[in-house]
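Structure first, commentary second.
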Amino acid sequence: RGDLGAKDSKKPRAKIMCIVYTIEKNHYRIPSIKQTWGPRCDGFIVMSDKTDPVLGTVNIPHEGNEEYNNIWQKIRSVWSYIYDYHYDSYDWFHIGGDDLYLLVENLRLYLESEEIQLAANGGEVLPD
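Spelled out as structure tokens, the structure:
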């Protein structure tokens with residue numbers, strides 16, 4: 038399992054928030070994500086063009102039209118929302134569309150690796 042490394046070393050696990058962006062016509066994809074890899078994240082949120090309390094989607098208004106060529110505006114608004122409401126609660130954030138599958142355990146092990154910890158600390162080794 039992916040959590041063996043932290044159990045052995047007694048270090049706290051990296052807290053990962055997973056963010057999925059979607060549009061209303063693709064809301065049918067969200068239940069599969071919530072049943073598979075979504076629960077493995079420490080935090081999980083779905084950003085959309087429509088709030089749906091049943092699915093847990095949150096409407097994120099953004100500049101411009103809701104179209105593929107304008108996705109950067111949606112992502113910019115998503116990051117603004119995440120910063121305002123979730124920044125202090127997590128160590129790492131992963132964002133992706135509704136058409137991906139994330140191996141959360143692999144991502145967590147990678148983020149907890151010495152290579153990433155060293156890079157995240159500006160190249161300085163910090164004491165445990």
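Numbering-wise, the numbering used here comes out as the position in the sequence shown, counting from 1, plus 37. Note that beta-carbon positions come from the ideal geometry of N, C-alpha and C, so glycine has one too.
Leaving aside the five residues that flank Lys111 on each side, the residues in its chain whose CB is nearer than 7 Å to its CB run, in chain order, Tyr58, Ile97 and His99. Cys55 is not a Cβ neighbour of Gly93, given a cutoff of 8 Å. Counting only runs of 3+ residues, the beta strand (DSSP E) found wholly inside the region 46-134 occupies 53-58, 80-85, 94-96 and 129-134, in chain order. Tyr138 sits in coil when the DSSP states are folded into three classes, being neither helix nor strand. Take the alpha-carbon of His64 and the one of Leu148: they are about 29 Å apart.
Asp89 and Glu161 have their C-alpha atoms roughly 44 Å apart. Here Asp86 has Ile60, Glu61, Asn96 and Glu103 as same chain residues with Cβ atoms under 7 Å from its own Cβ, once five neighbours each way along the sequence are excluded.
In this structure, Ile53 lies near Leu144, with their beta-carbon atoms less than 8 Å apart. In the DSSP assignment, Glu151 falls within the unbroken alpha helix (DSSP H) covering Glu151 to Ala157. Val83 is a Cβ neighbour of Ile67, given a cutoff of 8 Å. In terms of Cβ geometry, Glu142 and Arg77 form a close pair [threshold 8 Å].
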